Every structure is written in C-alpha cells, then in structure tokens.
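Asks: Take this structure, written in structure tokens, and hold onto it; I'll ask about it next.
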DNA sequence: GCAGTATTGTATA
DNA sequence: TATACAATACTGC
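Residue numbers (this note's numbering): 19 to 166.
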C-alpha cells in the first residue's frame, strides 16, 4: 500500500500481526502484503502530516526476523514523546547497550515514523545521520517543533 | 571473517 | 576547533 504524504509516498507493508515496514519508497516494487492494519496506519500517518499528534503506540509492529537488540532499541525509541529529542547515548544507557549499537539498530529500522528515529540525535544536539537522508530528518524535526 | 556505519568520551595539537 | 582511538551491534561482501 502506498501512502501519499508531504514528503512523498511511503511504502506500507503489514502482516496479520502488525506493521512489517513503513518507509519512503526506495523499493522499485514491493509485494502487496496488506492486512487488517493497513487502513489504521494509513489514517494515523495522514493525521501526522496534518499536524496532529497521533499516538503510534497502539499500532502493533511485527518484529519477526529482527534481533532482540533491535527490538529493544525500537521499543525504547517509540517512547520518545512528540517534539522531543533524545541522544543515542541516553537511549543506550537506558537499554544497557552502547551508543554505537543504538545507531546500528536504528540505521536498519524499517519502521519510518512509527519508530521516530528522527528524534534520536547526537549528544551535543547535532542531528547525526539518517540513512543518507539528513534533510528528511531535519524536516521532520522542524515539522514537529514548529507544527508546520 | 572483515570492513563500514544513524556514536560517545577522552586525549592531544 | 579538529583529529585519533577504543568499544558495540547490524549489514553487506
């Protein structure tokens, strides 16, 4: 399922257990692996880009196939409140991991928006990376901070 | 296995 | 201010 947004189309893929992946269309093609959560996620994403603050917390994520460390990092990242930012080190300390590991896990995060990786920044306030899309990360942060 | 990363803190010039 | 090093986890070759 393809979700049109202000930053371009997002590819949504869900399973009976929850969301499998949600990210900007980098994949030339994908399987129409839709499910019962597709509409719900689509609506939440639409509201997000309307400036509302939908809680993605009630949307289940399908972590199957991911390592326990990744799941831990994603779960912790999901708890970051709207408009706030956390440092990789802070997350790492909370999880008992190391900052480097947090970055590695977030780098491979397939849950764009649902796992607000854009709210995770350097310890000194700089943005850090975003899988080659730092501009997108900056846009999201400005969007959440300024409301538009 | 090995190397490259979405990091951080300390040390050195 | 800028560069170098060590330690961790995930991805791709």
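Each residue gets a CB set at the ideal place from its N, CA and C atoms; glycine is no exception.
Here the structure is a predicted model, which means the values were calculated and not measured.
Since I believe residue 37 is in contact with residue 52 (beta carbons under 8 angstroms), could you give me their beta-carbon distance rounded to a whole number of angstroms?
Replies: Looking up residue 52 in the first chain gives position 34. Looking up residue 37 in the first chain gives position 19. 11 angstroms between Cβ atoms; not a contact.
Asks: How big is the Cα-Cα spacing for residue 121 and residue 95?
Replies: Position 103 of the first chain, counting from 1, holds the residue named residue 121. Position 77 of the first chain, counting from 1, holds the residue named residue 95. Near 11 angstroms, if we compare the C-alpha coordinates of residue 95 and residue 121.
Asks: Which partner residues of residue 36 appear in the DSSP bridge assignment?
Replies: Translated into positions along the first chain, residue 36 becomes position 18. Per DSSP, 33.
Asks: Spell out the partners DSSP gives residue 105 in its beta bridges.
Replies: Counted from its first residue, the first chain places residue 105 at position 87. Paired residue(s): 139.
Asks: State the Cα-Cα distance for the pair residue 154 and residue 25, rounded to the nearest angstrom.
Replies: Locating residue 154 in the first chain gives position 136, where the first residue counts as 1. Locating residue 25 in the first chain gives position 7, where the first residue counts as 1. When rounded, the distance between both Cα atoms is 8 angstroms.
Asks: Is it the case that the region 127–141 contacts the region 59–76, given that we only count it when at least three CB pairs across the two stretches are under 8 angstroms?
Replies: yes
Asks: Going along the chain, which residues of its own chain have a beta-carbon closer than 7 angstroms to the beta-carbon of residue 157, five neighbours each way excluded?
Replies: Looking up residue 157 in the first chain gives position 139. The residues are 25.
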